[in-house]
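Numbering (our numbering), first residue to last: 634 to 957. Beta carbons are placed, not taken as given, at the ideal position from N, Cα and C, and that holds for glycine. A short worksheet on the structure shown next.
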Ligand code: ZN
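Have a look at this one:
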């Protein structure tokens, strides 16, 4: 087999603190997966070179020939224009940064770049919970809320890369909490892990009597989103109320998107989705309340299966989809 040309893909998922790197074949079989810290010095100017050094070392160790690579795919956190220029990655420092051109120059291979949340959605469609489906909305409930919309197998990135920014749909029109994007009342301020903690802290501050939540806060000096969902799973009334509030707003977003896109499925990922049925059951209830009744039954709400590897699978899919 070794003398036969293989179709390998090098895929990259750039995050604010770490960069995931993977070598896989065009069928999605992972050969190697590893990560390096994100070097944010001098507006991220060393990142591409550092990634290339890692790549060279890895293919040397794996004894793979560079000619066996069909391309490089990258997901990165921020809007990416159709010409492969990163508009702005605030937590890295790239601004109007020609990512695609830089990768192609460094690797001497075709390169494809896409927003990281969009990559995660493509990954779930290719090798994860959405396998075999063509119309998907992926929502990642982590520190923030990421989104990716796939219509007829293609990611919707829009005119300037801002398509699928589901986290920044406004759900509280008045007196909403400030969001990282500069607006107020985005779904990210409610349904992210940070949002759930914020709602819990509001309850704690307003509470005159001792509750399971205030006890936990007194004991550890902080509350996590997992604490809230764990207590809700045990029917703690205060935490059930928080989860209901989260699901009311998120269900409204799902219902609205369902009326716009009529997808096969909503795929829910990220740390908050580890709550499983404690999240999905009330979410389904409110989704059903807000979705277009004639098609409400045609969309499933399912959990993502690739975890934090969805991004590297999606970045590889960008290459596979264009080239193999
Ligand atoms: Zn926002």
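> Do you know offhand how far residue 712's Cα is from residue 667's?
Replying inline: Along the chain shown, read from residue 1 onward, the residue named residue 712 stands at position 79. Along the chain shown, read from residue 1 onward, the residue named residue 667 stands at position 34. Approximately 25 Å, taken between the alpha carbons.
> In chain order, what residues of the same chain have a beta carbon less than 7 Å from the beta carbon of residue 806, not counting five sequence neighbours either side?
Replying inline: Sequence index remark: in the chain shown, residue 806 carries index 173 (1-based). Excluding residues within five positions, the ones whose Cβ falls inside 7 Å are 818.
> What is the residue span of the beta strand (DSSP E) that residue 901 lies within?
Replying inline: Within the chain shown, numbered from 1, the residue matching residue 901 stands at position 268. Run containing residue 901: 898-902, per the beta strand (DSSP E) assignment.
> Buried or exposed: which applies to residue 910, given that a residue is buried once 16 or more other Cβ atoms fall within 10 Å of its Cβ?
Replying inline: Within the chain shown, the letter at position 277 stands for residue 910. Exposed, because fewer than 16 other Cβ atoms sit within 10 Å of the Cβ of residue 910.
> Start and end of the beta strand (DSSP E) containing residue 668?
Replying inline: Counted from its first residue, the chain shown places residue 668 at position 35. Per DSSP, residue 668 belongs to the beta strand (DSSP E) from 663-670.
>> In this structure, how does DSSP classify residue 911 when only helix, strand and coil are distinguished?
In response: Numbered from its first residue, the chain shown carries residue 911 at position 278. Here residue 911 sits in helix by DSSP.
> Taking DSSP as the reference, what is the three-state secondary structure of residue 861?
Replying inline: Counting from one through the chain shown, the residue named residue 861 turns up at place 228. If DSSP states are grouped into helix, strand and coil, residue 861 belongs with the helices.
> Leaving out the 5 sequence neighbours to the left and right, which residues in its chain are closer than 8 Å to residue 720 when beta-carbon positions are compared?
Replying inline: Residue numbering aside, residue 720 sits at position 87 when the chain shown is read from its first letter. Excluding its 5 nearest sequence neighbours in each direction, residue 720 has C-beta neighbours in its own chain below 8 Å: 711, 712, 713, 714, 728, 729, 793 and 794, listed in chain order.
> What span of residues does the beta strand (DSSP E) with residue 655 cover, start to end?
Replying inline: Here residue 655 is taken as the residue at index 22 of the chain shown, counted from 1. That run of the beta strand (DSSP E) goes 651-658.
> So what does DSSP say about residue 937, is it helix, strand or coil?
Replying inline: Walking along the chain shown from the start, residue 937 turns up at place 304. In this structure, residue 937 counts as coil in the three-state DSSP scheme.
> Do the stretch 886-905 and the stretch 864-873 make contact, defined as three or more Cβ pairs closer than 8 Å?
Replying inline: The stretch 886-905, when compared against the stretch 864-873, does not touch it at the 8 Å Cβ threshold.
> Can the beta-carbon of residue 791 be found less than 9 Å from the beta-carbon of residue 821?
Replying inline: Within the chain shown, residue 791 is the residue found at index 158, counting from 1. Within the chain shown, residue 821 is the residue found at index 188, counting from 1. The answer is no: Cβ separation not under 9 Å.
>> Tell me which residues share the same chain as residue 737 and place their Cβ nearer than 6 Å to its Cβ, disregarding the 5 neighbours each side in the sequence.
In response: By 1-based counting over the chain shown, the position of residue 737 is 104. Excluding residues within five positions, the ones whose Cβ falls inside 6 Å are 744.
> Which stretch, first to last residue, makes up the beta strand (DSSP E) that contains residue 747?
Replying inline: If you number the chain shown from 1, residue 747 lands on position 114. Residue 747 -> beta strand (DSSP E) spans 744-748.
> Between residue 672 and residue 653, what straight-line distance do the alpha-carbon atoms span, to the nearest angstrom?
Replying inline: The residue given as residue 672 occupies position 39 in the chain shown. The residue given as residue 653 occupies position 20 in the chain shown. One C-alpha to the other measures close to 13 Å.
> When the Cα atoms are used, what is the spatial distance from residue 903 to residue 856?
Replying inline: The count along the chain shown starts at 1 and reaches residue 903 at position 270. The count along the chain shown starts at 1 and reaches residue 856 at position 223. Taking C-alpha positions only, residue 903 is separated from residue 856 by approximately 18 Å.
> Taking only runs of the alpha helix (DSSP H) that begin and end inside the stretch 784-847, which ones reach a length of at least 4 residues, in chain order?
Replying inline: 821-824 and 826-839
> Secondary structure at residue 881, three-state DSSP: helix, strand or coil?
Replying inline: Here residue 881 corresponds to residue number 248 of the chain shown, with the count starting at 1. In the structure shown, residue 881 sits in a helix (DSSP, three-state: H, G or I).
>> Taking its Cβ as the centre, do 16 or more other Cβ atoms sit within 10 Å of residue 865, making it buried, or is it exposed?
In response: Within the chain shown, the letter at position 232 stands for residue 865. Note on residue 865: 16 or more other CB atoms within 10 angstroms of its CB, so buried under the neighbour-count rule.
> Hey, how far is the Cα of residue 636 from the Cα of residue 658?
Replying inline: Residue 636 sits at position 3 when you count from the first residue of the chain shown. Residue 658 sits at position 25 when you count from the first residue of the chain shown. Reliability of the predicted coordinates at residue 636 is poor, the pLDDT of 49 falling under 50, and the value obtained from them is presented with this limitation in mind. Using only the alpha carbons, I get a separation of about 16 Å.
> Leaving out the 5 sequence neighbours to the left and right, which residues in its chain are closer than 8 Å to residue 651 when beta-carbon positions are compared?
Replying inline: Working through the chain shown from its first residue, we reach residue 651 at position 18. Same-chain partners within the cutoff: 668, 669, 670 and 671.
>> Using a strict less-than 6 Å threshold between each residue's beta carbon and the heavy atoms of the ligand ZN, what residues do you get?
In response: 801, 812, 814, 816, 819 and 821
> Along the chain, where does the alpha helix (DSSP H) that runs through residue 682 open and close?
Replying inline: In the chain shown, the residue the question calls residue 682 occupies position 49. 680-695 is the span of the alpha helix (DSSP H), which, as asked, contains residue 682.
> Got a sec, what are the start and stop residues for the beta strand (DSSP E) residue 673 sits in?
Replying inline: Position 40 of the chain shown holds residue 673. Note, residue 673: premise wrong, no beta strand (DSSP E); not H, not E.
>> Taking the alpha helix (DSSP H) that residue 720 belongs to, which residues open and close that run?
In response: By 1-based counting over the chain shown, the position of residue 720 is 87. Unbroken run through residue 720 is the beta strand (DSSP E), 719-722; no alpha helix (DSSP H).
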